[in-house]
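Asker: Once you've had a glance at the structure underneath, I'll fire off some questions.
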Amino acid sequence: MSSNVHHLYLFFDTPLQLRRVQLICQYLARQSWEQAERWIHELDPALDRSALWDDDWANASALGHPQHLELGFDTRTTAGMPWRLLETLFQHGLQAAVLHVFYDQVGESERYHFDAGQWVSHHAWLSRYPERQVLVDTNGEVYPQPGQEEGADGTALTNPAQPMTITRLRERDQERDRQAQESVQALLDTMASLRKSGVSPVQGIVGLFMLRAGFRGLCEAVAFTVIAALAFRGKGLWLWLALGLVLAVVLPLYRMAGARREFAGQGGGDAAS
């Protein structure tokens, strides 16, 4: 079964904070919930275990080093990123972090870099902590050499356009997940309605694609008319309006016919005819 393999490199403000979180993570990795919760309470009496851990994570490990903590776990391919874990740790002494994710289903990896509670570029992170590069890239294969676009192992270095707080990153991904779920639910509801009305779901989907294509054609006709009228400074305005009216009829029909041909060419013609 495919999974997403997460590996976190965690750097703390003080050795005491490092050791305390290391102990918590080691108990969590071993599923020693009672001991873990006791030390979580020592860290912050108001902190809940779910803020640091998802019980569905598998193959967990926590390895302490003099300067940092390595935390690993596997998640389902549909699971989200561990932003809440990082957000909580940044509120309790975490200074900087690197998240490396291997997507087993597609055989690809990517990295995120964090500093002072913000998602930052790998350039900014390595510039601030050059001595830590060897700790997060022991074989020297992740980061590109001068003149190269990517490292030897092909890991994608995911960088923000500008620094973004981990809280904003979490909220952004939650909003995307919510919109995706709503889109799927809307599609399921539409298909259910089509079945109740006796319309084939395939025909309904074809109809939706054709409506979208028709709307696109209408927008193109309006855009052409406006641009032409502005370009000629209103000269022959009635001519352009008449031409725009014709296009407003012809272009949607043309786009809708094209959409139907495209769908039929992909194997949907028999079911939709």
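Just so it is clear: in the sequence shown, position 6 is 64 by our numbering, and no numbers are missing.
Backbone N, C-alpha and C define an ideal beta-carbon position, used for all residues, glycine too.
#1: Please report the residue range of the beta strand (DSSP E) in which Val178 lies.
#2: In the structure shown, what three-state DSSP assignment does Arg313 receive?
#3: Quick check: what's the CA-CA separation for Gly326 versus Leu276?
#4: Answer with yes or no whether the minimum CB distance from Leu157 to chain D is below 7 Å.
#5: Can you have a look at Ala210 and say buried or exposed, based on whether 16 or more other CB atoms are within 10 angstroms of its CB?
#6: Quick check: the region 141-159 against the region 167-178, are there 3 or more CB pairs under 8 Å?
#7: Between the alpha carbons of Ala315 and Thr136, how many angstroms are there, rounded?
#8: When DSSP builds the beta bridges, which residues end up paired with Asp173?
#9: Going by DSSP in three states, Ala210 sits in which element: helix, strand or coil?
#10: Can you tell me where the beta strand (DSSP E) holding Leu68 begins and where it ends?
#11: Going by DSSP, what residues sit across from Phe160 in a beta bridge?
#12: Using the rule of at least 16 other Cβ atoms within 10 Å of the residue's Cβ for burial, across every protein chain shown, is Met268 buried or exposed?
#13: Could you have a look at Gly265 and say whether DSSP puts it in helix, strand or coil?
#14: Can you tell me where the alpha helix (DSSP H) holding Ala120 begins and where it ends?
#15: From the DSSP output, in three-state form, read off Phe131 for me.
#16: Per DSSP, what kind of secondary structure is Thr223 in: helix, strand or coil?
#17: If you measure between the beta carbons of Cys83 and Ala109, is that distance less than 7 Å?
#18: Do Gln176 and Phe124 count as a contact pair if the criterion is CB distance below 7 Å?
#19: Going by DSSP in three states, Leu105 sits in which element: helix, strand or coil?
#20: Which residues in the same chain as Thr213 place their Cβ atom closer than 6 Å to its Cβ, once the five residues preceding and following it in sequence are excluded?
#21: Could you name the residues of the same chain whose beta carbon sits closer than 7 Å to that of Ala279, not counting the 5 residues immediately before and after it, in chain order?
#22: Do Leu227 and His150 have their C-beta atoms closer together than 7 Å?
#23: Go ahead and label Phe70 buried or exposed: buried means 16 or more other beta carbons lie within 10 angstroms of its beta carbon, across all protein chains shown.
#24: Among Gly122, Ser60, Phe148, Arg134, which has the Cα closest to the Cα of Leu193?
#25: Do Ala116 and Ala87 have their C-beta atoms closer together than 7 Å?
#26: Return helix, strand or coil for Leu110, following the three-state DSSP convention.
Answerer: Quick answer:
#1: 176-178
#2: helix
#3: In this prediction, Gly326 scores a pLDDT of 46, lower than 50, which makes its location untrustworthy; the coordinate-derived value is nonetheless stated afterwards. Using only the alpha carbons, I get a separation of about 25 Å.
#4: In the structure shown, chain D does not exist; there is a single protein chain.
#5: exposed
#6: yes
#7: 37 Å
#8: Ala154, Gln176
#9: coil
#10: 62-70
#11: Val63, Ser167
#12: buried
#13: helix
#14: Taken as a continuous stretch (DSSP letters only), Ala120 belongs to no alpha helix (DSSP H), being part of the beta strand (DSSP E) at 116-122.
#15: strand
#16: strand
#17: no
#18: Checking the sequence, you will find Pro at residue 124 rather than Phe. In this structure, Gln176 does not lie closer than 7 Å to Pro124 by Cβ.
#19: coil
#20: Ser167, Arg169, Val200
#21: Gly302, Leu305, Ala306, Leu309
#22: no
#23: buried
#24: Gly122
#25: no
#26: coil
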